[in-house]
Amino acid sequence: MLSTYIAEAVGSFIFFAVILTKGEPVMIAVGLLVGILVATIASQGHLNPCVTAIAYMQGKMSGDESIGYVAAQFVGAIAAFQWYNYFPHI
């Protein structure tokens, strides 16, 4: 189960890092694609708490699993923000 959350965090990191560094629509779409491809190795590749919430409301995930997904997504996003602040010239 831990690999699921790590995959979700890494996918979210990739997606948000591209948003922060490039900010162009085509690059954001590519970042989302790469993030989903990386995350779906071990998770469902949501990368977004809203997608996770919808999956929970539809009964496709348990409450504990959805909380883990959202936490991993936040960890990935915060890590991308910290990475961007550390390397602002990229």
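Mapping of the sequence shown onto this note's numbering: residues 109 to 198, in sequence order.
Using N, Cα and C, we set each Cβ at its ideal position, and we do this for glycine too.
Source: prediction; values computed, not measured.
Is it buried or exposed, L155, if we count other Cβ atoms within 10 angstroms and call 16 or more buried? Within the sequence shown, the letter at position 47 stands for residue 155. With 16 or more other Cβ atoms within 10 Å, it is buried.
Roughly how many whole angstroms lie between the Cα atoms of V126 and G167? By 1-based counting over the sequence shown, the position of residue 126 is 18. By 1-based counting over the sequence shown, the position of residue 167 is 59. Their Cα atoms are separated by approximately 31 Å.
Which residues mark the beginning and the end of the alpha helix (DSSP H) in which Q190 is found? Taking the sequence shown and counting its residues from 1, the one referred to as residue 190 is at position 82. Element bounds for Q190: 171 to 194.
Going by beta carbon distance, what residues of the same chain come within less than 7 Å of S111, once the five residues before and after it are set aside? Position 3 of the sequence shown, counted from the first residue, corresponds to residue 111. A150.
Should F121 go down as buried or exposed, given a rule of 16 or more other Cβ atoms within 10 Å for buried? Position 13 of the sequence shown, counted from the start, is the residue given in the question as residue 121. So F121 counts as buried.
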